[in-house]
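For reference, the structure is listed below as structure tokens.
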Amino acid sequence: MTVAQMPFEHKQTAHCESGVMSALLRERGTTLSEAMVFGIGSGLTFAYLPFVKLGGLPLISYRMPPRSIMRGVSKRLGIRMQYETFTTVAAGMRALDVKLAAGRVVGLQTSVFWLPYFPPDMRFHFNAHNLVVYGKRGDTYLISDPVFEHPVECDAESLAKARFVRGALAPKGLLYYPTELPAHIDLVPAIRKSINFTTGMMLHTPVPIIGIRGIRHVARKIGKLNPADEKRNKLLLGHIAGGNWNGWSGVSVFVCGVSAGGGARDGH
Amino acid sequence: MNENEVPQFETRAMNGEGKALYAVDAQGNYTVVRSAGWEAEDIVLSQALEECERLAADAHGRAKRGAASPLEYHMYKQRMDVVVLAQSTGYFQWRVRRHLKPGAFEKLSADIRARYAEVLGISVEKLAELPVIT
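Written out as structure tokens, the structure reads:
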């Protein structure tokens, strides 16, 4: 069994993907706050996608799709990232062990539901959570999950399940880490580019359901809700406020900022 | 949001776990502040959890009457629905829906049962059983 543990400083952040990216860069000696990572990755958005429905409620997102923050940051700062996905569970777990044995700290995409350290009430089927693995002791992985206050641990079996769930946004065991970091990082042009990207998308997207027009669109929808349909209205409003994953979640909610309908459908 | 305006609503679901939020301190700089939770979030989460429990309880009742297979109960119990269960097993939705009926479920092969059990994270024996709930 691999026994490895890298010195690693855990920091709680507001959002998983930017938190993991910031942690992976910090581990390699490049300190950028989570907020800076989120900004340079142009993480902010507003998207209302009524045609993406998982059981009755529309998808509403306040952040860009999974991996786009990592892509944005690496592109704008000239960081090379290695991404690996796997076809079998065994290969994925072996690759993780090999990286850890070689002293590498890696990021993983996982489901939230199968991670035992999540409080039961927060466990929903949201598959685009991100976390950092910084070591392994016996059969237990040492994890820095950026939405938690302290480092956590996870047994191999649960982690394997969380990495290889199938379905929407399936992680396919995704494992990633930075391979090359530039000696000097020039933030100014990167900040300019990312702000331009975000403002362009929020203000000038030609479709009426993205950005500021999307916000107005949803506001009009709320104004037109039928007061007789109280149950559905409640679920919809909760869904918008919570950014729920699955309509019945709460998790990913504020953790990952994505909102897709599902589960809590009426008439079932 | 100022530092002292960060919501501190003890959220049951968070199990005492705090969240990191950004707020402005006295000097006007953004800092990370620990939040115990937010009331709106707590309401939304409870609503969602109640909905989950209701779906599971309804399915339990149906299975008890023999109007549904135990699979439907276990599906909702694990916070899935037909869409999620179909995606995670790789079966078509109509097929999963068929397996929610007692007759079709009885006739399922060991392989298919094992697949459901694995995806739901329970044993094959438990899959065919309906737990006693009060």
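For the record, the sequence lines run as chains A and B.
Counting from 1, one number per residue, gives the positions in the first sequence under the numbering used here.
Counting from 269, one number per residue, gives the positions in the second sequence under the numbering used here.
By construction, the Cβ of each residue, glycine as well, lies at the ideal position given by its N, Cα and C atoms.
Is the beta carbon of residue 40 of chain A closer than 7 Å to that of residue 89 of chain A? Position 89 of the first sequence, counted from the start, is the residue given in the question as residue 89 of chain A. Position 40 of the first sequence, counted from the start, is the residue given in the question as residue 40 of chain A. No, the pair does not count as a contact, with Cβ atoms beyond the cut-off.
Candidates B/288, B/311, B/315, B/292: closest to residue 302 of chain B by CA position: Along the second sequence, read from residue 1 onward, the residue named residue 302 of chain B stands at position 34. Nearest C-alpha to residue 302 of chain B: B/288.
Flag this pair as touching only if the stretch 41-48 of chain A and the stretch 213-231 of chain A have three or more C-beta atom pairs under 8 Å; answer yes or no. In this structure the stretch 41-48 of chain A lies against the stretch 213-231 of chain A, because at least three pairs of beta carbons, one per stretch, are closer than 8 Å.
Between residue 395 of chain B and residue 385 of chain B, which are expected to be in contact by the criterion C-beta below 8 Å, what is the C-beta distance as a whole number of angstroms? By 1-based counting over the second sequence, the position of residue 395 of chain B is 127. By 1-based counting over the second sequence, the position of residue 385 of chain B is 117. With a Cβ gap of about 5 Å, residue 395 of chain B and residue 385 of chain B count as contacting.
C-alpha distance - residue 50 of chain A paired with residue 178 of chain A, whole-angstrom precision: In the first sequence, residue 50 of chain A corresponds to position 50, counting from 1. In the first sequence, residue 178 of chain A corresponds to position 178, counting from 1. The alpha-carbon atoms of residue 50 of chain A and residue 178 of chain A are separated by roughly 36 Å.
Span separating the alpha-carbon of residue 342 of chain B from that of residue 352 of chain B: Taking the second sequence and counting its residues from 1, one reaches residue 342 of chain B at position 74. Taking the second sequence and counting its residues from 1, one reaches residue 352 of chain B at position 84. Taking the Cα positions, residue 342 of chain B is about 13 Å away from residue 352 of chain B.
Which residue spans inside the stretch 149-213 of chain A form an unbroken alpha helix (DSSP H) run of at least 4? 156-163, 187-204
Rounded to whole angstroms, what is the Cα-Cα separation between residue 254 of chain A and residue 308 of chain B? The residue given as residue 254 of chain A occupies position 254 in the first sequence. The residue given as residue 308 of chain B occupies position 40 in the second sequence. Confidence in residue 254 of chain A is poor, its pLDDT being 40 and thus under 50, which makes the residue's placement too unreliable to answer from.
Touch test, the stretch 10-28 of chain A against the stretch 135-150 of chain A, Cβ-Cβ under 8 Å, three pairs minimum: yes
In terms of residues, what are the limits of the alpha helix (DSSP H) holding residue 318 of chain B? The count along the second sequence starts at 1 and reaches residue 318 of chain B at position 50. First-last of the alpha helix (DSSP H) with residue 318 of chain B: 307-333.
Just how far apart, CA to CA, sit residue 391 of chain B and residue 161 of chain A? On the second sequence, residue 391 of chain B is found 123 positions in, with the first residue counted as 1. On the first sequence, residue 161 of chain A is found 161 positions in, with the first residue counted as 1. Taking the straight line from one Cα to the other gives about 15 Å.
State the start and end residues of the unbroken beta strand (DSSP E) segment that holds residue 125 of chain A. Taking the first residue of the first sequence as 1, we reach residue 125 of chain A at position 125. Note, residue 125 of chain A: premise wrong, no beta strand (DSSP E); not H, not E.
Cβ of residue 13 of chain A within 7 Å of any chain B Cβ: As a position in the first sequence, residue 13 of chain A is number 13, starting the count at 1. Chain B, which has a Cβ nearer than 7 Å to the Cβ of residue 13 of chain A, makes this yes.
For the stretch 164-175 of chain A, enumerate the residues whose C-beta is nearer than 9 Å to any C-beta of chain B, in chain order. 165, 166, 167, 168, 170
Can you list the residues of chain B that residue 241 of chain A reaches, using a CB-CB cut of under 9 Å? Numbered from 1 along the first sequence, position 241 holds the residue referred to as residue 241 of chain A. The answer, in chain order, is 308, 309, 311, 312.
Which term fits residue 228 of chain A, buried or exposed, when burial requires 16 or more other beta carbons within 10 angstroms of its beta carbon? Translated into the one-based positions of the first sequence, residue 228 of chain A becomes position 228. That one is exposed.
If you count every other CB in all the chains shown that lies within 10 Å of the CB of residue 133 of chain A, and 16 or more means buried, which is it? Your numbering for residue 133 of chain A matches position 133 in the first sequence. By the neighbour-count rule (16 or more Cβ atoms within 10 Å), residue 133 of chain A is buried.
Same chain, Cβ closer than 6 Å to residue 344 of chain B, five either side skipped, listed in chain order: Here the question's residue 344 of chain B lines up with position 76 in the second sequence. The answer, listed in chain order, is 323, 324, 327.
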